[in-house]
Amino acid sequence: MILVTGGAGFIGANFVLDWLAGSQEPVINLDKLTYAGNAENLSSLAGDARHIFVHGDIGDASLVARLLAEHQPRAVVNFAAESHVDRSIHGPEDFIQTNVVGTLRLLEAVRHHWLTLDDLEREAFRFLHVSTDEVYGSLAPDAPAFTEEHVYEPNSPYSASKAASDHLVRAWHHTYGLPVLTTNCSNNYGPHHFPEKLIPLMIVNALAGKPLPIYGDGMQVRDWLYVKDHCSAIRRVLAAGEVGETYNVGGWNEKPNLDIVHTVCGLLDELRPRADGQSYSTQITYVKDRPGHDRRYAIDARKIERELGWKPAETFETGIRKTVQWYLDHAEWVAHVQTGAYRDWVQTQYVDAAK
Ligand code: NAD
Ligand code: DAU
């Protein structure tokens, strides 16, 4: 079996669902269920003995040690993190606690467990750390995309905390020999994406008749990958990645934010036209920019393509259509995640900030 952390969040839940759709190998899923963790993402696994959910913190060393000793997973896949840049600007502390201290405690618990294994098990064991392209900082418009050799230049409290965690993982390999793998992926989108992030926020605000808030001039560029393609890349790296290596994951889909929002509006105009016949794009509103906003990210994914034969299955056009349709089909999921805590965040970020 494998141990997945943060498997009730956006990417982690997609990973667990896809894993169990394609394999009989059980998953222990350790998740703290922060505001971003949602047990409902995994409701289709109710009663499935292959999924063992544990409510807990990656920073709880004794809990992690107990889970490792009891279940003897052959690998750990670490998704658990605070993940939203805007929240890291309002309150960096939680990001340091989970992304840095939590990763440290997890690494130590895993290392102590790994040392108890016999030679064959120790050789086969893997710790896969899921990270982000944001650790590389911001690219000039004409600069080549991030390769694995790019310097680390994190600019937000979130990316700095992820960069720190990547360095810890690297050091645990070089110093202690822990068999680690790291993936640095670009922006994901798809089902179960929490509506604090650009694409799901635009979909739910559009449908609710609310403004679509574009930070600054909306010409910041992100490189978008359908979440299930990220999951297939992680499975591939886990199966065949070279220990100690990092792999950049991306879909060669660089787009300015404004284009993304117009695409989402166009799909909604087609699939759920507004009663007044106007386009959802009339709801676009320009708001104050994110402090320290990175202008451009782009991933050079040639290493994972060349060495591991991985390729994304979706184009942006197919992936975004599936995503918009998923949100239209899951109004109940959207209503459930828009709880009091979600409303408090929207008030802080979009209402109070505009005063
Ligand atoms: P998310 O915020 O949707 O989910 C994070 C999950 O981790 C939640 O279920 C939360 O409850 C859990 N968690 C948080 N703190 C925890 C702790 N201390 N112990 C146990 N569980 C904890 O995030 P996501 O978008 O699914 O991202 C998952 C990982 O992928 C993160 O490490 C993130 O940095 C990385 N990543 C995300 C993207 C993206 O576009 N979303 C891109 C590249 C990399
Ligand atoms: O690049 C990978 C990263 O992508 C991950 O590591 C992060 O966990 C993930 O949250 C994401 O970070 P971004 O900051 O790029 O994603 P977000 O959806 O918050 O914003 C995408 C772009 O849209 C960014 O340029 C900011 C802009 N934006 C965002 C929001 C929420 C807006 O213009 N308006 C908004 O309301």
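307 is the number that numbering that gives the first Met the number 0 gives to position 308 of the sequence shown; each next residue is one higher, with no gaps. Even for Gly, the Cβ is constructed at its ideal location relative to N, Cα and C.
Could you give the C-beta distance for T146 and D299, rounded to a whole number, given that I count them as a contact under 8 Å?
-> Numbered from its first residue, the sequence shown carries residue 146 at position 147. Numbered from its first residue, the sequence shown carries residue 299 at position 300. Yes, they are in contact, since the Cβ atoms of T146 and D299 sit about 5 Å apart, within 8 Å.
Beta strand (DSSP E) containing L180: first to last residue?
-> Numbered from 1 along the sequence shown, position 181 holds the residue referred to as residue 180. For L180, the enclosing beta strand (DSSP E) has its first and last residue at V179 to C184.
Residue ranges of each beta strand (DSSP E) run of no fewer than 3 residues wholly in the segment 248-333, ordered along the chain?
-> You should have 253-255 and 283-286.
Any chance you could list the alpha helix (DSSP H) runs of at least 4 consecutive residues sitting entirely within the segment 126-191, in chain order?
-> Secondary structure within the segment 126-191: the alpha helix (DSSP H) runs of 4 or more consecutive residues, fully enclosed, are 156-175 (chain order).
Buried/exposed call for H149, threshold 16 Cβ in 10 Å | Mapped onto the sequence shown, residue 149 falls at position 150. Counting Cβ neighbours within 10 Å, H149 comes out buried, since at least 16 surround it.
Tell me the DSSP bridge mates of A30?
-> Translated into the one-based positions of the sequence shown, residue 30 becomes position 31. First, the amino acid is wrong: residue 30 is Asp here, not Ala. DSSP, once it has assigned bridges, lists H54 as partnering D30.
Indicate whether T102 and E81 have their beta-carbon atoms separated by less than 8 Å.
-> Locating residue 102 in the sequence shown gives position 103, counting from the first residue. Locating residue 81 in the sequence shown gives position 82, counting from the first residue. At a Cβ-Cβ threshold of 8 Å, T102 and E81 do not count as neighbours.
Collapsed DSSP secondary structure at L119 in the structure displayed = As a working mapping, residue 119 is identified with position 120 in the sequence shown. Residue state, collapsed to three classes: helix.
What did DSSP end up calling D222 once you bin it into helix, strand or coil?
-> Along the sequence shown, one-based indexing puts residue 222 at 223. D222 sits in a strand when the DSSP states are folded into three classes.
Could you round the C-beta distance between Y175 and R110 to whole angstroms and report it? I think they count as a contact, below 8 Å.
-> In the sequence shown, residue 175 corresponds to position 176, counting from 1. In the sequence shown, residue 110 corresponds to position 111, counting from 1. At roughly 6 Å, the Cβ-Cβ gap stays under 8 Å, so Y175 and R110 are in contact.
Name, in chain order, the residues that DSSP records as bridge partners for T245.
-> Here residue 245 refers to the residue found at position 246 of the sequence shown. In DSSP, T245 forms a bridge with T181.
State the DSSP-derived secondary structure class of A35, mapped to helix, strand or coil.
-> Position 36 of the sequence shown holds residue 35. Here DSSP, grouped into helix, strand and coil, assigns A35 to coil.
Could you tell me if K310 is buried or exposed, where buried requires 16 or more neighbouring beta carbons within 10 angstroms of its beta carbon?
-> Translated into positions along the sequence shown, residue 310 becomes position 311. That one is exposed.
Say yes only if the C-beta of V333 is nearer than 7 Å to one or more non-hydrogen atoms of the ligand NAD, and no if none qualify.
-> Position 334 of the sequence shown holds residue 333. Outside the cutoff, so no.
Give the single residue among R221, H192, K254 and P156 whose Cα lies nearest to the Cα of A12.
-> Position 13 of the sequence shown, counting from 1, holds the residue named residue 12. Ranking the options by Cα distance to A12, first place goes to H192.
For Y349, which of D288, D228 and D93 has the nearest alpha-carbon?
-> Indexing the sequence shown from 1 puts residue 349 at position 350. When each option's Cα is compared against that of Y349, the closest is D288.
Which two residues bound the contiguous beta strand (DSSP E) that contains L41?
-> As a working note, residue 41 is residue 42 in the sequence shown. Element bounds for L41: n/a, residue is neither H nor E.
Bounding residues of the beta strand (DSSP E) (the contiguous stretch that carries T97) = Residue mapping note: residue 97 aligns to position 98 of the sequence shown, counting from 1. Premise fails: T97 is in no beta strand (DSSP E) and is neither H nor E.
So, helix, strand or coil for A74, using DSSP?
-> As a position in the sequence shown, residue 74 is number 75, starting the count at 1. Strand.
Quick one: what does DSSP say T347 is sitting in, helix, strand or coil?
-> As a working note, residue 347 is residue 348 in the sequence shown. It is helical.
Would N256 pass as a contact of R295 if the rule is Cβ separation under 8 Å?
-> Within the sequence shown, numbered from 1, the residue matching residue 256 stands at position 257. Within the sequence shown, numbered from 1, the residue matching residue 295 stands at position 296. The criterion of a C-beta distance shorter than 8 Å is not satisfied by N256 and R295.
Kindly examine the ligand NAD and report whether one of its heavy atoms sits closer than 7 Å to the Cβ of N186.
-> Numbered from 1 along the sequence shown, position 187 holds the residue referred to as residue 186. Within the cutoff, so yes.
Residue nearest to S155 in terms of C-alpha spacing, selected from D59, L200, T131 and H173 | Here residue 155 corresponds to residue number 156 of the sequence shown, with the count starting at 1. Taking S155 as reference, the option from D59, L200, T131 and H173 with the minimal CA-CA separation is T131.
The segment 35-43 / the segment 3-12 touching (three or more Cβ pairs under 8 Å) | Yes, they touch.
Spatial neighbours of V75 within its chain, please: CB distance less than 6 Å, with the 5 preceding and 5 following residues excluded, ordered by chain position.
-> Within the sequence shown, numbered from 1, the residue matching residue 75 stands at position 76. Closer than 6 Å at the Cβ level, and outside the excluded window around V75, lie L2, V109 and F126.
Pairwise C-alpha distance: L167 and W113 = Position 114 of the sequence shown holds residue 113. Position 168 of the sequence shown holds residue 167. W113 and L167: Cα-Cα distance of roughly 17 Å.
Residues near L66 by beta carbon distance below 7 Å, same chain, minus five either side | The residue you call residue 66 lines up with position 67 of the sequence shown. Around L66, the same chain offers L2, I27, L29 and V53 as residues with beta carbons nearer than 7 Å, after the five sequence neighbours per side are excluded.
Give the C-beta separation of I355 and F14 to the nearest angstrom, bearing in mind that I take them to be a contact with Cβ-Cβ under 8 Å.
-> Past the edges of the chain, shown from 0 to 354, lies residue 355, and the structure says nothing about it.
Does the segment 323-341 come within contact of the segment 263-274, defined as at least 3 CB pairs closer than 8 Å?
-> Yes, since at least three Cβ pairs between the segment 323-341 and the segment 263-274 fall closer than 8 Å, the two stretches touch.
Under the rule that 16 or more other beta-carbon atoms within 10 Å means buried, what is S42, buried or exposed?
-> In the sequence shown, residue 42 corresponds to position 43, counting from 1. Note on S42: under 16 other CB atoms within 10 angstroms of its CB, so exposed under the neighbour-count rule.
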